[in-house]
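*Asks:*
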């Protein structure tokens, strides 16, 4: 009886967490799919390109290509190719690193910075709509919970 | 002043939801990456293959290839190739559909069903560990919330 009891007690928790995982996966995939589609139709851009511009926008002085690669683990983009295109489009420039002749920083131009600001505002609006079912208190509580409860295995 | 007030009030909600989205994305990606790694090292299998077996395991009588493709939108696998390998490995069979000479169902064999049961139990255990920071009540509440609040755009 004791054994049965402990199985009955531990079983539901695992099942509930499995259900939570499937729900989280489904929600994040469906949101990501909307974002990719919106970026494509409204800005003729891609999620990896948006992610690169987002990373660059946080570093006024530029970011080394190696640091950018870390950022892009997330969207599996080809960082070098993306930066090449941004440079061609006048949205970014490459600048030499003082004291290291082989290293370069990538940095947004004024034009790139302005363009990203428009995209980022739209992106924030899409997310705000997509997650409108979460009121601010619930969203904040869930953020805090994810920070402490969910693993962060791919942080380096 | 009224305009400023309304901007100040609406701004934080959007920012909090954006933060929630980034947390959700990070959590689901890091969990998925652990799952892929565990499937590889412990069962020499892949997530798309696991997903196909999971879908087949829910249909004793077999599942049409077209229905399987819907399932696999999720993990972007090549359904035909995966089923071919499962058949080669004796884990699945293809059976003709009565009344439709061109259609086939895929179905797990006894061996496939037994092998998947072992993998599914391990998978449930990994998720249970990875999400152990969510107690059952919190997890159940979040599931319910995701069902009502998150979009389900890729359901067909």
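Protein chains in written order, with this note's numbering: chain A, 108 to 263; chain B, 108 to 263. All C-beta atoms in this analysis are idealised placements derived from N, C-alpha and C, irrespective of residue type, glycine included.
1. Please name the residue, chosen from B:149, B:254, B:177, B:168, that lies closest to residue 158 (chain B) on a Cα-to-Cα basis.
2. Counting only beta-carbon atoms, is residue 120 (chain B) nearer than 8 Å to chain A?
3. Do residue 163 (chain A) and residue 229 (chain A) have their C-beta atoms closer together than 8 Å?
4. Quick one, are the C-beta atoms of residue 198 (chain A) and residue 218 (chain A) less than 8 Å apart?
5. Quick check: the Cα distance between residue 161 (chain B) and residue 209 (chain B), rounded to an integer number of angstroms?
6. Closest Cβ-Cβ distance between residue 150 (chain A) and chain B: below 8 Å?
7. Can you list the residues of chain B that residue 224 (chain A) reaches, using a CB-CB cut of under 8 Å?
8. Tell me whether the beta-carbon of residue 140 (chain A) lies closer than 8 Å to the beta-carbon of residue 135 (chain B).
9. Classify residue 246 (chain A) as buried or exposed, calling it buried when 16 or more other Cβ atoms lie within 10 Å of its own Cβ.
10. Using the rule of at least 16 other Cβ atoms within 10 Å of the residue's Cβ for burial, across every protein chain shown, is residue 119 (chain B) buried or exposed?
11. Taking residue 154 (chain A) and residue 142 (chain A) to be in contact with their CB atoms under 8 Å, please state how far apart those CB atoms are, rounded to whole angstroms.
12. So residue 215 (chain A) is in the beta strand (DSSP E); what residue range does that whole segment cover?
13. Could one say the Cβ of residue 130 (chain B) lies closer than 8 Å to chain A's Cβ atoms, at least one of them?
14. Is the CB of residue 241 (chain B) under 8 Å away from at least one CB in chain A?
15. Of all the alpha helix (DSSP H) runs that stay within the bounds of the segment 146-200 of chain B, which reach a length of 4 or more residues?
*Replies:* The answer reads as follows:
1. Counted from its first residue, the second chain places residue 158 (chain B) at position 51. Selected option, being the one with the closest Cα: B:177.
2. As a working note, residue 120 (chain B) is residue 13 in the second chain. Taking Cβ atoms only, chain A reaches closer than 8 Å to residue 120 (chain B), which makes this a yes.
3. Locating residue 163 (chain A) in the first chain gives position 56, where the first residue counts as 1. Locating residue 229 (chain A) in the first chain gives position 122, where the first residue counts as 1. Contact flag unset, no.
4. Within the first chain, the letter at position 91 stands for residue 198 (chain A). Within the first chain, the letter at position 111 stands for residue 218 (chain A). Taking 8 Å as the Cβ cut-off, residue 198 (chain A) and residue 218 (chain A) qualify as a contacting pair.
5. To locate residue 161 (chain B), count along the second chain from 1; it is residue 54. To locate residue 209 (chain B), count along the second chain from 1; it is residue 102. Roughly 25 Å separates the two Cα atoms.
6. Here residue 150 (chain A) corresponds to residue number 43 of the first chain, with the count starting at 1. Residue 150 (chain A) is outside the set of residues whose beta carbon lies under 8 Å from a beta carbon in chain B.
7. Reading the first chain from its first residue, position 117 is the one you call residue 224 (chain A). Against chain B, the beta carbon of residue 224 (chain A) has no neighbour under 8 Å; the closest one sits roughly 15 Å away.
8. Taking the first chain and counting its residues from 1, one reaches residue 140 (chain A) at position 33. Taking the second chain and counting its residues from 1, one reaches residue 135 (chain B) at position 28. The Cβ atoms of residue 140 (chain A) and residue 135 (chain B) lie no closer than 8 Å to each other.
9. For this step, residue 246 (chain A) is matched to residue 139 along the first chain. In this structure residue 246 (chain A) is buried. Its beta-carbon is surrounded by 16 or more other beta-carbon atoms within 10 angstroms.
10. The residue labelled residue 119 (chain B) in the question sits at position 12 within the second chain. By the neighbour-count criterion, in which 16 or more other beta carbons inside 10 Å mark a residue as buried, residue 119 (chain B) falls on the exposed side.
11. Here the question's residue 154 (chain A) lines up with position 47 in the first chain. Here the question's residue 142 (chain A) lines up with position 35 in the first chain. Rounded, the Cβ-Cβ distance is 6 Å, consistent with contact.
12. Within the first chain, the letter at position 108 stands for residue 215 (chain A). Residue 215 (chain A) -> beta strand (DSSP E) spans 207-215.
13. Within the second chain, residue 130 (chain B) is the residue found at index 23, counting from 1. So, interface residue.
14. Indexing the second chain from 1 puts residue 241 (chain B) at position 134. Using a Cβ-Cβ cut-off of 8 Å, residue 241 (chain B) counts as an interface residue toward chain A, since at least one Cβ of chain A sits closer than that to its own.
15. Correct list: 154-164, 172-179, 186-195.
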